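S.K.:
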Amino acid sequence: LKKEEVENIRADFPILSEQVKGQPLLYLDNAATSQTPTAVIDTIVDYYSRYNANIHRGVHHLSQTATDAFEEARATLQEHFGVDKPHQIIFTSGTTHSINIVASGMSALLKSGDEILVSAMEHHSNIVPWQMLCEKTGAVLKVIPMNEAGELDLKAYSALLNERTKMVFFNHISNALGTVNPVAQMVEMAHRVGAAVLVDGAQAAPHLVVNLKELGVDFYTASAHKMCGPTGIGMLYGKEEWLLKLPPYQGGGEMIAEVTFDKTTYADLPHKFEAGTPNVCGGIAFGAAVKYMNSIGLDKIGAYEEELTRYASEKLLEIPGLKIYGTAENKTSVISFNVEGLHPYDIGSLLDQMGIAVRTGHHCAQPIMDFYRIPGTVRASFSFYNTYEEADRLVAGVQRAVNMLQ
Ligand code: PMP
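Heads up, the sequence shown is in full-length UniProt numbering, so the first residue is 2 and it goes up one at a time.
(1) Tell me the rounded alpha-carbon separation between L352 and V399.
(2) Quick check on the DSSP output: the beta strand (DSSP E) that includes F171 runs from which residue to which?
(3) If we ignore side chains and look at the alpha-carbon of each, how far apart do P279 and E307 end up?
(4) Considering only the beta carbon of each residue, do V379 and G356 sit closer than 8 Å?
(5) Under a three-way DSSP split, which group does P130 fall into?
(6) With DSSP as the reference, identify every bridge partner of G235, one or two as the case may be.
(7) Could you spell out where the beta strand (DSSP E) holding V211 opens and where it closes?
(8) Could you name the residues, in chain order, whose CB is less than 5 Å away from a heavy atom belonging to the ligand PMP?
(9) Which runs of the beta strand (DSSP E), 3 residues or longer, sit entirely within the stretch 272-355?
(10) Confirm, please, whether the CB-CB distance from E116 to T180 is below 8 Å.
(11) Go ahead and label R75 buried or exposed: buried means 16 or more other beta carbons lie within 10 angstroms of its beta carbon, across all protein chains shown.
(12) How is L153 classed by DSSP in three states: helix, strand or coil?
(13) Quick one: using the 10 Å Cβ neighbour count with 16 as the cut-off for buried, is L134 buried or exposed?
(14) For L199, name the three-state secondary structure that DSSP assigns.
(15) In whole angstroms, what is the alpha-carbon distance linking E152 and A205?
(16) Looking only at its own chain, which residues have a Cβ that is under 6 Å from the Cβ of A67, when we skip the five neighbours before and after it?
(17) Output needed for P38: all residues of its chain with C-beta closer than 7 Å, excluding positions within five of it in sequence on either side, in chain order.
(18) When you compare only the Cα positions, how much space is there between S175 and T261?
(19) Hey, could you find the ends of the alpha helix (DSSP H) A40 is sitting in?
(20) Alpha carbon to alpha carbon, what distance is there between A140 and P345?
(21) Label Y49 either buried or exposed according to how many other C-beta atoms from any shown protein chain fall within 10 Å of its C-beta, with 16 as the threshold for buried.
(22) Under a Cβ-count criterion, where at least 16 other Cβ atoms within 10 Å of its own Cβ denotes burial, should N404 be classed as buried or exposed?
(23) Below 8 Å between beta carbons: does that hold for Y145 and A121?
(24) Looking only at its own chain, which residues have a Cβ that is under 6 Å from the Cβ of H88, when we skip the five neighbours before and after it?
(25) Name the DSSP bridge partner or partners of T180?
(26) Of all the options Q36, A33, I325 and A70, which has the alpha carbon lying nearest to the alpha carbon of D47?
(27) Return the chain-ordered list of same chain residues with a C-beta closer than 6 Å to the C-beta of P130, the five sequence neighbours on each side being excluded.
(28) Go ahead and pull the three-state DSSP assignment for A381.
(29) Leaving out five residues on either side along the sequence, give the residues of the same chain with a beta carbon under 7 Å from the beta carbon of T44.
(30) Is the stretch 213-223 touching the stretch 238-251, taking contact as three or more C-beta pairs under 8 Å?
(31) Could you give the distance in angstroms between the alpha-carbon of V188 and the alpha-carbon of N148?
(32) For V359, which of helix, strand or coil comes out of DSSP?
(33) Which residue's Cα is closest to the Cα of I128: E391, P248 and N172?
(34) Helix, strand or coil: how does DSSP classify T265 here?
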């Protein structure tokens with residue numbers, strides 16, 4: 002992306018013109034939640050202004066219009082992620098929900114002594130549901146270790162895989178370190194021992210062109226609110242054979258074929274996993290967000306963000322005592338750092354006083370913090386609407402905060 006293009010893109014995001022504490026907002030908390038372009042905001046307003054209705058069951062015009070728009074959004078996601086059939090995309094409330102659908106369903110398919118592997122760099126949402134699953138089934142959770150650079154140890158991973166391994170879980174990009182994991186290779190290794198793979202794509206879907214057929218994953222998750230869409234909506238992708246095998250997560254309306262007090266049969270995909278009234282507006286807005294990102298091009302977005310992250314990292318490292326965690330060769334969009342002798346929270350609070358939004362803490366990835374023996378980090382996470390001038394402003398802000406604290 003050229004400077005001019007980024008300026009045009011910024012004009013699509015009303016919030017970027019906001020002032021915070023008397024300064025122009027500098028938003029660098031994109032890994033937590035991305036901002037929303039007018040195209041998506043207008044989609045939401047249009048939905049509630051013109052065709053708000055419950056879907057799938059209605060014979061009336063509004064219900065039909067809403068149903069068509071919701072299913073069109075599913076088709077947009079299907080195409081975007083290189084998926085064969087629309088019903089392989091399940092609308093969920095987000096990545097956490099998506100992972101819980103799989104973890105909960107797997108409890109019917111695992112037995113005591115089965116092994117499941119989880120990576121050392123997971124978000125809590127990709128750790129806790131598997132621990133709960135292990136408690137229920139007697140399966141054993143094993144951890145794929147990482148090195149100092151924040152890269153998974155593939156030799157150790159290979160040694161952990163065996164015929165007892167039934168499932169493997171890891172994220173595509175780490176939210177705390179920015180590491181991009183070698184998904185296709187890791188999937189192939191898991192499949193060789195017959196294990197299924199779930200990849201948490203919450204951080205990758207906003208930055209990379211993701212073709213799920215090429216990656217070969219069995220399950221993949223994403224959250225719209227990290228992809229220029231609204232909160233409360235996300236997706237679960239599954240290979241058809243897995244979605245058919247997995248029991249439903251919630252019972253209720255929409256997910257049934259036939260109900261009697263003796264027995265209920267479940268609806269076909271995707272409805273089997275979409276009990277109750279879905280987030281209709283959210284689903285439609287998710288589709289609009291993906292279309293918006295594609296109008297710029299995810300390849301261009303990813304390349305720009307990588308350059309910008311590298312630029313900001315190099316500048317930040319000029320600050321004495323500053324250390325960046327996560328120095329993998331293949332990383333993007335996230336800079337997690339500390340300054341010697343200073344608490345991340347203090348730096349974050351001072352940056353906030355300057356209108357700069359970063360995140361501080363363990364980023365829902367306590368095991369990573371334990372690995373580095375730190376309480377947390379300051380995390381600046383970049384999006385394609387961030388600029389080189391903003392990167393300079395971040396660096397100047399951190400330097401100023403350091404001067405004030407030391
Ligand atoms: N996994 C990763 C890697 C994440 O970054 C996040 C969000 N911080 C999640 C899972 C959870 O996503 P959500 O809160 O949208 O369910």
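Here a beta-carbon is modelled for each residue, glycine too, at the ideal position from N, C-alpha and C. Source: prediction; values computed, not measured.
M.R.: This is what the structure holds:
(1) Going by the C-alpha atoms only, they are around 7 Å apart.
(2) T166 to N172
(3) 35 Å
(4) no
(5) helix
(6) In the DSSP output, where bridge partners are listed per residue, G235 has T93 and S224.
(7) Secondary structure note for V211: it is in no beta strand (DSSP E), with a DSSP letter that is neither H nor E.
(8) G95, T96, T97, H124, S126, N172, N176, D201, A203, Q204 and S224
(9) 323-326 and 335-340
(10) no
(11) buried
(12) strand
(13) buried
(14) strand
(15) 16 Å
(16) Y52, A54, I56 and V281
(17) Here the set comprises D13, F14, C229 and Y293.
(18) 46 Å
(19) T39 to D47
(20) 37 Å
(21) exposed
(22) Its Cβ having fewer than 16 others within 10 Å, N404 is exposed.
(23) The question names Tyr, but residue 145 is Ile in the sequence shown. Yes, the Cβ-Cβ distance between I145 and A121 is below 8 Å.
(24) Cβ within range, chain order: L270 and P271.
(25) K332
(26) When each option's Cα is compared against that of D47, the closest is A70.
(27) Excluding sequence neighbours, P130 sits near I100, N101 and A104.
(28) strand
(29) I285, A286 and A289
(30) Yes, since at least three Cβ pairs between the stretch 213-223 and the stretch 238-251 fall closer than 8 Å, the two stretches touch.
(31) 20 Å
(32) coil
(33) If we check each option's Cα against that of I128, N172 comes out closest.
(34) strand
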